[in-house]
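These notes concern the structure reproduced below.
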Amino acid sequence: MSAKGPHPGEPVRGSSTGRPIMALFDLIGRRWTLRVIWELDRAGQPLTFRELREACGDISSSVLTTRLRELVQARLVENTTGYVLTPIGHKLVGSLEPVARWAEAWEQQRH
Numbered sequence: 001m002s003a004k005g006p007h008p009g010e011p012v013r014g015s016s017t018g019r020p021i022m023a024l025f026d027l028i029g030r031r032w033t034l035r036v037i038w039e040l041d042r043a044g045q046p047l048t049f050r051e052l053r054e055a056c057g058d059i060s061s062s063v064l065t066t067r068l069r070e071l072v073q074a075r076l077v078e079n080t081t082g083y084v085l086t087p088i089g090h091k092l093v094g095s096l097e098p099v100a101r102w103a104e105a106w107e108q109q110r111h
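Just so it is clear: in the sequence shown, position 23 is 23 by the UniProt record's numbering, and no numbers are missing.
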């Protein structure tokens, strides 16, 4: 079973341009992708498939397998002695921190 994830320079869901930002949004917008990235970042050490599945809660094995294949293919995750974020995966998490702060401010505005 091959998982072909979005790639910069190729058309993706919602965009025929292949702009890198659209490929990124397509990838991280997929069900469970951000949770997998979040759990790998929080772990701070390699996680086995089973450990990652447990950390994610009720994710199915097949969805986790697909997401991991997409993230490995995108070079955001690697599997050495377990799954870990690559340096570019860590940079992505750091880049999302301002977005997380914005979302928290947005939540406060709604109350």
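Cβ atoms here follow ideal geometry from the backbone N, Cα and C, with glycine treated the same way.
CA-to-CA distance, residue j to residue i, given in whole angstroms
i: D93; j: E10; result: In the sequence as displayed, the identity of residue 93 is Val instead of Asp. Roughly 23 Å between the two C-alpha positions.
i: S2; j: P87; result: Residue placement at S2 is poorly supported in this model, since its pLDDT is 42, which falls under 50; the coordinates are not used for a value here.
i: K91; j: D41; result: 11 Å
i: T48; j: T65; result: 12 Å
i: V12; j: G44; result: 31 Å
Residue-chain proximity (residue i, chain B), Cβ-Cβ < 8 Å
i: E10; result: Reference to chain B is not applicable here, since this structure consists of a single protein chain.
Beta-carbon proximity of residue i to residue j, cut-off 8 Å
i: M22; j: G14; result: yes
i: L27; j: P46; result: no
i: R53; j: I59; result: yes
| field | Minimum length 3: unbroken beta strand (DSSP E) runs contained in the region 12-100 | value | 77-79, 83-85
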